[in-house]
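Let me begin by presenting the structure, written as structure tokens, before commenting on it.
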Ligand SMILES: Nc1ncnc2c1ncn2[C@@H]1O[C@H](COP(=O)(O)OP(=O)(O)OP(=O)(O)O)[C@@H](O)[C@H]1O
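In this note's numbering, the protein residues as written are 8 to 266.
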């Protein structure tokens, strides 16, 4: 059981966005995709989760081509947190989380229990009756995280796809979100996320995949991939790596100056 992308290439007009990428997302692993703005992370992410149609290459989810899944089966197999969820009507936050249960058998008691659990673990219980459009950016992100947890809250292995899940969050909420992701991976879920914070990647990832200009640079443990050499190739920055007992901290050289 795993999600495998093979020889994935993608082009828009004359622009090559992705070139011959091979990648595997495994249950039990927290896998972080990193790279510069425009490197092709979101494009790859949306191809792997089945939201963007393949041009070249294949994606197999549990040995079955992702394109042969029905929308309903895919929704039970993997949940996707994107960066923006625009909802402008006055719907209570708990109903947003309840949307995650929509693909499943309508078991009212069980679904209500799952929604309550997902409100609780994302620290969103106090927001449950507040209308979604009135939430702050970080609160919306937590509620949407709760929604995708509710969507795959069944027996693992299932897949969680998260595009910059902590981009709007303060430090305690960042750790809370990533601790939940860690817990889900430990339970046997496959967790695949895009992160820009290299130190969070270093701290939480079992596997890091680094891409640059649509090409795979390296995939491996954080220690193998987050090297001064790779970071200079992909980000064009010089870094120092501070090794501690817990993690390797990446300290970038301050670049740029006043305009
Ligand atoms: N419709 C389009 N026409 C032209 N170029 C496009 C189009 N859609 C995406 N691109 C380009 O594809 C490249 C990859 O985009 P993508 O969103 O995958 O990057 P990313 O690594 O997720 O970046 P970021 O970190 O900024 O979110 C970018 O250079 C982007 O400008």
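Built from N, CA and C at the ideal position, the CB exists for glycine as well.
Does the Cβ of residue i lie closer than 8 Å to at least one heavy atom of ligand 1?
i, result
"residue 22", "yes"
"residue 199", "no"
"residue 192", "no"
"residue 19", "yes"
"residue 238", "no"
"residue 42", "yes"
"residue 243", "no"
"residue 46", "yes"
"residue 51", "yes"
"residue 57", "no"
"residue 64", "no"
"residue 203", "yes"
"residue 221", "yes"
Using the Cβ count rule (16 or more neighbours within 10 Å means buried), how would you classify residue i?
i, result
"residue 4", "Given a span of 8 to 266 for the chain in the structure shown, any question on residue 4 remains unanswerable."
"residue 170", "buried"
"residue 79", "exposed"
"residue 57", "buried"
"residue 7", "Given that the chain is displayed from residue 8 to residue 266, the structure contains no residue 7 and the question cannot be resolved."
"residue 261", "exposed"
"residue 73", "buried"
"residue 252", "exposed"
"residue 20", "exposed"
"residue 77", "exposed"
"residue 154", "buried"
What do you reckon, are the CB atoms on residue i and residue j nearer than 9 Å?
i, j, result
"residue 191", "residue 163", "yes"
"residue 61", "residue 54", "yes"
"residue 87", "residue 15", "no"
"residue 215", "residue 231", "yes"
"residue 94", "residue 103", "yes"
"residue 187", "residue 152", "yes"
"residue 254", "residue 234", "no"
"residue 12", "residue 40", "no"
"residue 100", "residue 134", "yes"
"residue 166", "residue 32", "yes"
"residue 208", "residue 241", "no"
"residue 279", "residue 37", "Past the boundaries of the shown model lies residue 279; the chain is included only from 8 to 266, so the question cannot be answered."
"residue 161", "residue 220", "no"
"residue 206", "residue 168", "no"
State yes or no: is the beta carbon of residue i nearer than 9 Å to at least one beta carbon in chain C?
i, result
"residue 10", "Looking at the structure shown, chain C is missing, and only one protein chain is on hand."
(message) Across the region 13-31 and the region 172-186, are there enough close Cβ pairs to call them in contact, namely three or more that are closer than 8 Å?
(response) These segments do not touch.
(request) For the region 44-56 and the region 132-151, state whether three or more C-beta atom pairs, one from each stretch, are separated by less than 8 Å. (result) Taking 8 Å as the limit for Cβ pairs, the verdict is that the region 132-151 does not touch the region 44-56.
(request) Decide yes or no for the touch test of the region 191-211 against the region 109-124: beta carbon pairs closer than 8 Å, at least 3 of them. (result) Three or more beta-carbon pairs separated by less than 8 Å are not found between the region 191-211 and the region 109-124, which leaves the two stretches without contact.
(message) Would the region 126-137 count as touching the region 106-115 if we require 3 or more Cβ pairs under 8 Å?
(response) No, the region 126-137 does not touch the region 106-115.
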